[in-house]
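Student: Okay, handing you the structure first.
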Amino acid sequence: MPSMVSIEMWERFSFYGMQAILAYYLYFQATDGGLGMATAEATALVGAYGAFLYLCTFAGGWIGDRVLGAERTLLTGAGLLVGGHVALSALPGFLGLIPGLLLIAAGSGLLKTAAVTVLGQAYPAASPRRDAAFQIFYLGINVGALLGPLITGWLAERHGFHAGFAAAAALMVLGLVVYLAMRPRLMASLGAETARLLTRPTQPLAPARARLIIIAAVAAVALVVALLAVGVITPARLAATFLVITVAAALLLFGQMFLSPAVTPGERRRVLAFVPLFLASTTYWALQSQIYGVLAVYSDVRLDRTVAGHEIPAAWTQSLNPFYILAFSLPLAWLWVRLGSRGPASSTKMGVGVIIAGSSMLIMLPFVGGGENSTPFLVLAAAIGTLSLGEMLIGPIGMASTAIHAPRAFATRFSALYFLTLAIGTSLAGTLSTFYDSTSADSERTYFLSVAAAAILIGVVCLAASRALRRHLTSECPGEG
Numbered sequence: 001m002p003s004m005v006s007i008e009m010w011e012r013f014s015f016y017g018m019q020a021i022l023a024y025y026l027y028f029q030a031t032d033g034g035l036g037m038a039t040a041e042a043t044a045l046v047g048a049y050g051a052f053l054y055l056c057t058f059a060g061g062w063i064g065d066r067v068l069g070a071e072r073t074l075l076t077g078a079g080l081l082v083g084g085h086v087a088l089s090a091l092p093g094f095l096g097l098i099p100g101l102l103l104i105a106a107g108s109g110l111l112k113t114a115a116v117t118v119l120g121q122a123y124p125a126a127s128p129r130r131d132a133a134f135q136i137f138y139l140g141i142n143v144g145a146l147l148g149p150l151i152t153g154w155l156a157e158r159h160g161f162h163a164g165f166a167a168a169a170a171l172m173v174l175g176l177v178v179y180l181a182m183r184p185r186l187m188a189s190l191g192a193e194t195a196r197l198l199t200r201p202t203q204p205l206a207p208a209r210a211r212l213i214i215i216a217a218v219a220a221v222a223l224v225v226a227l228l229a230v231g232v233i234t235p236a237r238l239a240a241t242f243l244v245i246t247v248a249a250a251l252l253l254f255g256q257m258f259l260s261p262a263v264t265p266g267e268r269r270r271v272l273a274f275v276p277l278f279l280a281s282t283t284y285w286a287l288q289s290q291i292y293g294v295l296a297v298y299s300d301v302r303l304d305r306t307v308a309g310h311e312i313p314a315a316w317t318q319s320l321n322p323f324y325i326l327a328f329s330l331p332l333a334w335l336w337v338r339l340g341s342r343g344p345a346s347s348t349k350m351g352v353g354v355i356i357a358g359s360s361m362l363i364m365l366p367f368v369g370g371g372e373n374s375t376p377f378l379v380l381a382a383a384i385g386t387l388s389l390g391e392m393l394i395g396p397i398g399m400a401s402t403a404i405h406a407p408r409a410f411a412t413r414f415s416a417l418y419f420l421t422l423a424i425g426t427s428l429a430g431t432l433s434t435f436y437d438s439t440s441a442d443s444e445r446t447y448f449l450s451v452a453a454a455a456i457l458i459g460v461v462c463l464a465a466s467r468a469l470r471r472h473l474t475s476e477c478p479g480e481g
């Protein structure tokens with residue numbers, strides 16, 4: 001557990017630290033150290049980048065299952081992350097932006113999928129401590145997510161964007177070094193059989209075929225980058241394209257599992273029971289991703305950021321979410337262990353979580369459409385606090401449910417399926433952000449109201465399905481509460 005928490009914490013530091021200043025880097029003028037993009041294009045590109053990153057979890061799952069094994073996939077992803085952050089921090093303009101974001105996305109996709117698989121193998125499906133273990137893992141993620149925006153945001157404001165990117169690179173290197181130092185202890189704690197399963201592919205693919213598929217994937221990415229560079233694809237269209245691709249990838253993976261002869265009838269029922277959880281998770285991440293796009297812009301142009309007599313960097317508002325997660329994590333982890341089998345089903349937790357998260361947007365409604373510094377800081381803090389409470393009923397519970405519902409033959413790819421909820425959510429957020437107009441009060445009000453209403457409705461649908469879902473989980477997943 002310590003080694004997994006460590007590498008994920010510093011990966012999240014580098015990821016959220018970079019992402020906290022990414023939108024500003026894209027739309028700030030060159031005189032302020034930015035690239036001068038239109039605001040809508042910048043937020044759409046942030047969404048498209050996030051979608052590509054989580055789409056890479058699909059590739060990470062495939063590489064883990066078919067080529068490297070989960071643990072070696074994790075190490076490969078960490079190496080790519082280091083390279084990406086170094087490129088973004090050391091190279092100017094688009095010369096560093098494009099390779100940097102591509103490498104970071106690929107590295108995060110590999111590392112995140114493999115990390116959940118390794119952690120899931122460390123705790124048996126029937127263990128009452130599974131939810132608590134994932135809650136602690138989630139806590140580690142949010143320590144990194146809390147520190148990242150604070151440090152990179154301060155550095156970017158005082159010393160320029162590349163200083164912030166350099167901090168993200170340095171801490172990712174630290175995370176990799178710590179993991180390598182603790183790796184022998186981790187492998188010993190897993191036991192010989194589990195360690196063997198995690199360091200070898202579960203369904204090995206012929207090396208020549210694996211190389212061909214990887215080369216084709218790299219060529220496809222290069223083509224998209226070229227089309228974006230020459231203006232054939234705009235950032236807004238790129239976000240919408242990734243939305244279509246990620247939805248198609250999820251449907252493809254669900255279809256493979258339902259049709260595969262390697263999946264038993266009982267496993268198929270567990271996959272079916274996961275569908276409402278998939279919907280709830282997707283909806284939440286579309287809401288949460290507003291923090292890095294629409295709400296990042298809102299914090300820059302609407303928010304009164306004066307705290308204790310000092311104006312804080314706009315990027316610091318992105319540390320509110322992990323701050324609340326840290327505050328909620330231990331009490332909720334204790335609660336799930338305390339309740340044990342008497343606790344609510346995962347579908348109930350996640351349905352309520354979506355409703356709570358959706359209501360966070362309603363908190364903003366009385367203040368949207370105002371002028372500069374018109375929204376009190378405490379209003380945004382309350383909205384993100386409500387959003388974060390919803391997350392605690394969705395994120396770690398969804399991770400734990402993923403490990404329980406996964407068919408044996410699709411263990412790593414099923415983890416990728418969970419992360420596709422983030423890909424769909426972030427691409428949807430990027431696509432929706434093109435409809436956000438901070439210069440129109442009516443447009444801004446409609447945006448927040450529409451997002452809230454849709455999320456609450458989906459949460460109600462998930463709750464309505466909870467009784468049937470509990471029946472599936474009771475018969476097929478006795479360890480699920």
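For what it's worth, the UniProt record's numbering labels the leading residue of the sequence shown as 1, then goes sequentially.
Built from N, CA and C at the ideal position, the CB exists for glycine as well.
(1) Just verifying my parser: in three-state terms, what is the DSSP assignment at L303?
(2) Under a three-way DSSP split, which group does Y375 fall into?
(3) Tell me the rounded alpha-carbon separation between L139 and M9.
(4) Hey, how far is the Cα of I363 from the Cα of I356?
(5) Could you check the C-alpha separation between V218 and F377 for me, to the nearest Å?
(6) Please list, in chain order, all residues of the same chain as L97 whose beta carbon is under 6 Å from its beta carbon, the five residues on each side excluded.
(7) Expressed to the nearest angstrom, what Euclidean distance is found between the alpha-carbon atoms of W334 and K349?
(8) Can you check which of these residues, L387, A30, G83, S440, is closest to W285 by C-alpha distance?
(9) In whole angstroms, what separates the C-alpha of L449 from that of L432?
(10) Just mark T402 as buried or exposed, buried being the case when its beta carbon has 16 or more other beta carbons within 10 Å.
(11) Let me check understanding here. Comparing Cα to Cα, which of L332, F165, L320 lies closest to L380?
(12) In angstroms with no decimal places, state the Cα-to-Cα distance between E311 and G353.
(13) Could you give the uninterrupted runs of the alpha helix (DSSP H) lying entirely in the segment 21-73, keeping only those of 4 residues or more?
(14) Whole angstroms are fine: how far does the CA of T199 sit from the CA of Y436?
(15) Among the candidates I7, A70, G93, whose CA atom is the shortest distance from the CA of L26?
(16) With respect to the alpha helix (DSSP H) encompassing R269, which residues constitute its N-terminal and C-terminal limits?
(17) Helix, strand or coil: which one does DSSP assign to E476?
(18) Buried or exposed: E480, going by 16 or more other Cβ atoms within 10 Å of its Cβ?
(19) Quickly, what does DSSP pair H310 with across the bridge? List them, please.
(20) Let me confirm a value: A262 is counted as buried when at least 16 other C-beta atoms fall within 10 Å, else exposed. Which label applies?
Tutor: Considering the structure as presented:
(1) Taking the first residue of the sequence shown as position 1, residue 303 is located at position 303. L303 falls in the strand class under three-state DSSP.
(2) For the purposes of this step, residue 375 is taken as the residue at position 375 of the sequence shown. Checking the sequence, you will find Thr at residue 375 rather than Tyr. In the structure shown, T375 sits in a strand (DSSP, three-state: E or B).
(3) Here residue 139 refers to the residue found at position 139 of the sequence shown. Here residue 9 refers to the residue found at position 9 of the sequence shown. Rounded to the nearest angstrom, the two C-alpha atoms are 9 Å apart.
(4) If you number the sequence shown from 1, residue 363 lands on position 363. If you number the sequence shown from 1, residue 356 lands on position 356. Here the alpha carbons of I356 and I363 stand approximately 11 Å from one another.
(5) Numbered from its first residue, the sequence shown carries residue 218 at position 218. Numbered from its first residue, the sequence shown carries residue 377 at position 377. The alpha-carbon atoms of V218 and F377 are separated by roughly 44 Å.
(6) Here the question's residue 97 lines up with position 97 in the sequence shown. Here the set comprises nothing.
(7) Taking the first residue of the sequence shown as 1, we reach residue 334 at position 334. Taking the first residue of the sequence shown as 1, we reach residue 349 at position 349. Going by the C-alpha atoms only, they are around 15 Å apart.
(8) If you number the sequence shown from 1, residue 285 lands on position 285. Taking only the C-alpha atoms, the option nearest W285 is L387.
(9) To locate residue 449, count along the sequence shown from 1; it is residue 449. To locate residue 432, count along the sequence shown from 1; it is residue 432. Approximately 13 Å, taken between the alpha carbons.
(10) In the sequence shown, counting from the first residue as 1, residue 402 sits at position 402. Burial is judged here by how many other beta carbons sit within 10 angstroms of a residue's own beta carbon; T402 has at least 16 and is buried.
(11) Position 380 of the sequence shown, counting from 1, holds the residue named residue 380. Per the Cα distances, L320.
(12) Here the question's residue 311 lines up with position 311 in the sequence shown. Here the question's residue 353 lines up with position 353 in the sequence shown. Their backbone Cα atoms lie some 32 Å apart in a straight line.
(13) Segments of the alpha helix (DSSP H) lying fully in the segment 21-73: 39-63.
(14) Working through the sequence shown from its first residue, we reach residue 436 at position 436. Working through the sequence shown from its first residue, we reach residue 199 at position 199. Each residue's alpha carbon lies about 46 Å from the other.
(15) For the purposes of this step, residue 26 is taken as the residue at position 26 of the sequence shown. The shortest C-alpha to C-alpha distance from L26 to any of I7, A70, G93 is the one to G93.
(16) By one-based count along the sequence shown, residue 269 stands at place 269. First-last of the alpha helix (DSSP H) with R269: 265-288.
(17) For the purposes of this step, residue 476 is taken as residue 476 along the sequence shown, with counting starting at 1. Any reading at E476 is ruled out, since the residue's pLDDT is 48, under 50, leaving its predicted position unreliable.
(18) Walking along the sequence shown from the start, residue 480 turns up at place 480. With a pLDDT of 44 at E480, under the threshold of 50, the predicted position of this residue should be treated as unreliable, though the coordinate-derived value follows. By the 10 Å Cβ count, E480 comes out buried.
(19) As a working note, residue 310 is residue 310 in the sequence shown. Within the DSSP secondary-structure output, H310 pairs in a beta bridge with V307.
(20) Numbered from its first residue, the sequence shown carries residue 262 at position 262. The residue in question, A262, is exposed, as its Cβ has fewer than 16 Cβ neighbours within 10 Å.
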